[in-house]
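Chains as they are written, first to last, in my numbering: chain E, 8 to 114; chain R, 224 to 341. Take a look at the structure set out below.
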């Protein structure tokens, strides 16, 4: 099975900050990497698919990059509504697997 | 409007069974990859099962042999049959749609809660 590892597990940031979250796969997954945002009590929401494709309707301050084993989610200017937990997910092979999550908190 | 609505959750004793349903509207279950993803209280997301548009099914090792994913085209509904339930199966269960082989999940239901306890 492919293991996904995110870092950091949590971070504190201020509105307007640039935030970067890293996701590493235990083996190459090409660009089969997706990013989700989840707020408490709500289902996950897809932000980025295929490593760098922004889902329609998602603000352009979100961006993704990477291929192979190392990937990054960047929020260029953190907004109040961005405080949430973020998960990466590989869809290269079953079992599909998620990272453990990165909680973005208000500083 | 594209919508997924889960139902069937509840309290069940260890060793018991439960069938979850996910009613789809605005999309056709048989034309998509449909998954179940769960989240234990205070924990992260765990992918559980997927059924491909061609009918192939895959399950996480943690539920293999106990859970079965299936779809009913006439009802446009996804199911998860859960047998031999354990305390560690306690979670919110979400159904989700992937439009194809790339495997991203772009439509999610609100979830249904399963509690396994005596």
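Note that the Cβ used here is the ideal one computed from N, Cα and C, for glycine as well. Quantities reported herein were computed from a predicted structural model and do not represent experimental measurements.
Checklist entry - Using a C-beta cutoff of 8 Å, does residue 328(R) count as contacting chain E? => result Position 105 of the second chain holds residue 328(R). So yes, residue 328(R) belongs to the interface.
To the nearest angstrom, how far is it from the Cα of residue 83(E) to the Cα of residue 42(E)?
-> Residue 83(E) sits at position 76 when you count from the first residue of the first chain. Residue 42(E) sits at position 35 when you count from the first residue of the first chain. Here the alpha carbon of residue 83(E) sits roughly 15 Å from the alpha carbon of residue 42(E).
*Below 8 Å on the Cβ atoms is my guess for residue 330(R) versus residue 227(R); work out the distance and round it to an integer in Å.*
Translated into the one-based positions of the second chain, residue 330(R) becomes position 107. Translated into the one-based positions of the second chain, residue 227(R) becomes position 4. Contact flag correct, Cβ pair sits at about 6 Å.
- Message: I want to know whether the stretch 24-41 of chain E touches the stretch 305-314 of chain R - three or more CB-CB distances under 8 Å.
- Response: no
Original post:
When the Cα of residue 92(E) is compared with those of 39(E), 58(E), 48(E) and 37(E), which residue comes out closest?
Top reply: Translated into positions along the first chain, residue 92(E) becomes position 85. It is 48(E) whose Cα lies nearest to the Cα of residue 92(E).
Review point. Does residue 283(R) have its Cβ less than 8 Å from a Cβ in chain E?
Key: Translated into the one-based positions of the second chain, residue 283(R) becomes position 60. Interface residue, yes.
Check: To the nearest angstrom, how far is it from the Cα of residue 96(E) to the Cα of residue 66(E)?
Finding: Taking the first chain and counting its residues from 1, one reaches residue 96(E) at position 89. Taking the first chain and counting its residues from 1, one reaches residue 66(E) at position 59. Spanning the two alpha carbons is a distance of roughly 20 Å.
Option nearest residue 277(R) by Cα separation, candidates 270(R), 253(R), 338(R) and 341(R): Along the second chain, one-based indexing puts residue 277(R) at 54. Residue 253(R) holds the alpha-carbon nearest to the alpha-carbon of residue 277(R) among 270(R), 253(R), 338(R) and 341(R).
*Could you give the C-beta distance for residue 314(R) and residue 262(R), rounded to a whole number, given that I count them as a contact under 8 Å?*
To locate residue 314(R), count along the second chain from 1; it is residue 91. To locate residue 262(R), count along the second chain from 1; it is residue 39. Correct: roughly 6 Å between the Cβ atoms.
Query raised in the report: Quick one: is residue 229(R) buried, meaning 16 or more other Cβ sit within 10 Å of its Cβ, or exposed?
Result: Locating residue 229(R) in the second chain gives position 6, counting from the first residue. Looking at its Cβ environment, which holds 16 or more other Cβ atoms inside 10 Å, residue 229(R) is buried.
Compute the distance between the beta-carbons of residue 28(E) and residue 104(E), then report whether it is under 8 Å.
Translated into positions along the first chain, residue 28(E) becomes position 21. Translated into positions along the first chain, residue 104(E) becomes position 97. No; because the gap between Cβ atoms is not below 8 Å, this pair is not in contact.
Going straight from the alpha carbon of residue 15(E) to that of residue 334(R), what length do you get?
Residue mapping note: residue 15(E) aligns to position 8 of the first chain, counting from 1. Residue mapping note: residue 334(R) aligns to position 111 of the second chain, counting from 1. In a straight line, the C-alpha of residue 15(E) is about 27 Å away from that of residue 334(R).
- Query: Straight-line CA distance for residue 55(E) to residue 80(E)?
  - Reply: Counting from 1 along the first chain, the entry for residue 55(E) is found at position 48. Counting from 1 along the first chain, the entry for residue 80(E) is found at position 73. When rounded, the distance between both Cα atoms is 8 Å.
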